[in-house]
Amino acid sequence: MLRVHSQNSVYEQEAKFVQDRITGVEKHFAELCTIFAAFTRKAARLRDKSDELAKVIQVYGDSETINRSMSTGLANFSATLSVVGDYR
C-alpha cells in the first residue's frame with residue numbers, strides 16, 4: 001500500500017513538473033510573439049518613413065536646376081539613404 005501511494009506521489013510530481021514547464025513556455029512564448037509583432041510593426045514604419053524621406057530628397061534634387069553639384073549630391077544621398085533603409 002505504501003509503495004502504491006509513493007508511486008502515485010512520484011507521478012503527481014512529474015505531472016506537476018511537466019504542467020509547470022508547459023505553463024512557463026506558453027507565458028514566455030506569448031510574450032515573445034507580442035514583442036516580435038510590435039518590433040516588426042515599428043521596423044515597417046521606420047522603413048516607410050525612410051523611403052518617404054529618400055523620395056522627398058530625390059524630388060528636391062530633381063527640381064534643383066541651378067546648382068548641379070547639389071542636385072547630384074542630393075540624388076546620391078537619396079540613393080544611399082534608400083539602401084540604408086532597406087538594409088535595416
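With this note's numbering, the residue at position 12 of the sequence shown is 12, and numbering never jumps. For each residue, glycine too, the CB sits at the ideal point set by N, CA and C.
Item: Helix, strand or coil at THR40 [DSSP, three-state]; Value: helix
Item: THR40 CB to nearest heavy atom of the ligand SAH below 7 Å; Value: Looking for the ligand SAH in the displayed structure turns up nothing, as the structure carries no ligands at all.
Item: Three-pair Cβ contact test at 8 Å for the stretch 73-84 versus the stretch 46-59; Value: yes
Item: Whole-angstrom distance between LYS16 and LEU46, CA atom to CA atom; Value: 45 Å
Item: Between the CA atoms of GLU31 and ARG41 - distance to the nearest angstrom; Value: 16 Å
Item: Classification of SER78 by the beta-carbon crowding that lies within 10 angstroms, buried from 16 upward; Value: buried
Item: For ILE57, the three-state DSSP class (helix, strand or coil); Value: helix
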